[in-house]
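A.B. asks: I'd like to ask you about the structure that follows.
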Amino acid sequence: MKVAFLISALSIALLSAPAHAQERASEGLRETISAEIQKLATAANAGDAEAFFALTSGSENLVIAGDGRITRGLAEIRANMKELFVEHGSYRWQIGAAEVVQAGRHVVIAVAPCQFTAVGNEAAVRLTGAITVVFARDWLWQDYKVVHSHRSTGRIGVAVVE
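Counting in the numbering used here, the sequence shown runs from -12 upward without gaps.
Following this line, the structure appears as structure tokens:
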């Protein structure tokens, strides 16, 4: 009877304990991850696909989503982003300060405001939104790598005067 009571009490205690919660990242980790996000934007702005993809896991499980379009796997993502990289110079990504949380021992989630400006002949179109990037690292990767990214904008582009 005592054993059954002890097992029941232990089970209740274990089940009522919270799962590993997300924790705000240390200042050093926040700076590291913010720098990685800036590298993504710099690579995209320069049209440097190799630099961009060097920052990702390179996995077939990689997912990049943006404004309703979901691309999965490195080959599909490369094919869909090829046009974007060819058009570099006609757009600019700007990423604001990131909020960074640890979602596990080797998983970090960063959320940052972003702005995409596409420059046309007459005026620029500016999209404002947010980007969420999930970074992970394991025994193979020395640095954090992108395993998932999602970008969204709040509205269709608005013409602005530059």
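The C-beta atom is built at its ideal place from N, Cα and C for all residues, glycine as well.
State the start and end residues of the unbroken beta strand (DSSP E) segment that holds Q81.
C.D. replies: Here the beta strand (DSSP E) through Q81 covers Y78 to I82.
A.B. asks: Tell me whether D125 sits in a helix, a strand or coil according to DSSP, three-state version.
C.D. replies: In the structure shown, D125 sits in coil (DSSP, three-state: anything other than H, G, I, E or B).
A.B. asks: For I(-1), count neighbouring Cβ atoms within 10 angstroms of its own Cβ and tell me buried if that reaches 16, exposed if not.
C.D. replies: Note that I(-1) scores a pLDDT of 41, beneath 50, so its modelled location is shaky and nothing firm can be said.
A.B. asks: Leaving aside the five residues before and after F(-8) along the sequence, list all residues of the same chain whose C-beta is less than 7 Å from its C-beta, in chain order.
C.D. replies: A caution first: F(-8) carries a pLDDT of 37, below 50, which makes its placement in the model unreliable, though a value can still be read off. Once the five neighbours on either side are set aside, F(-8) has no close Cβ partner at all.
A.B. asks: With 16 as the cutoff for other CB atoms within 10 Å, does V(-10) come out buried or exposed?
C.D. replies: The predicted position of V(-10) is uncertain, since its pLDDT is 38 and thus under 50; no value can be drawn from it.
A.B. asks: Can T140 and T115 be called in contact, C-beta distance under 8 Å?
C.D. replies: Closer than 8 Å, so yes.
A.B. asks: Smallest Cα separation from G83: which of I57, R11, E10 and E18?
C.D. replies: Comparing Cα-Cα distances from G83 to each of I57, R11, E10 and E18, the minimum goes to E18.
A.B. asks: With 16 other CB atoms within 10 Å as the buried threshold, where does K132 fall?
C.D. replies: Classification for K132: buried.
A.B. asks: Taking the beta carbon of V73 as the centre, do at least 16 other beta carbons fall within 10 Å, making it buried, or is it exposed?
C.D. replies: Exposed.
A.B. asks: Does the Cβ of I96 have 16 or more other Cβ atoms within 10 Å, making it buried, or fewer, making it exposed?
C.D. replies: It is buried - the Cβ of I96 has at least 16 other Cβ atoms within 10 Å.
A.B. asks: With DSSP as the reference, label R92 as helix, strand or coil.
C.D. replies: It is coil, neither helix nor strand.
A.B. asks: Taking just the CA atoms, how far does P100 sit from V87?
C.D. replies: Between V87 and P100, the C-alpha separation is close to 12 Å.
A.B. asks: Hey, out of Q102, E14 and A28, whose CA is closest to A111's CA?
C.D. replies: When only C-alpha atoms are compared, the closest one is Q102.
A.B. asks: I believe H93 touches D125 by the beta-carbon criterion, under 8 Å. Please report the beta-carbon distance rounded to the nearest angstrom.
C.D. replies: Their Cβ separation, rounded to whole angstroms, is 6 Å, which keeps H93 and D125 in contact under 8 Å.
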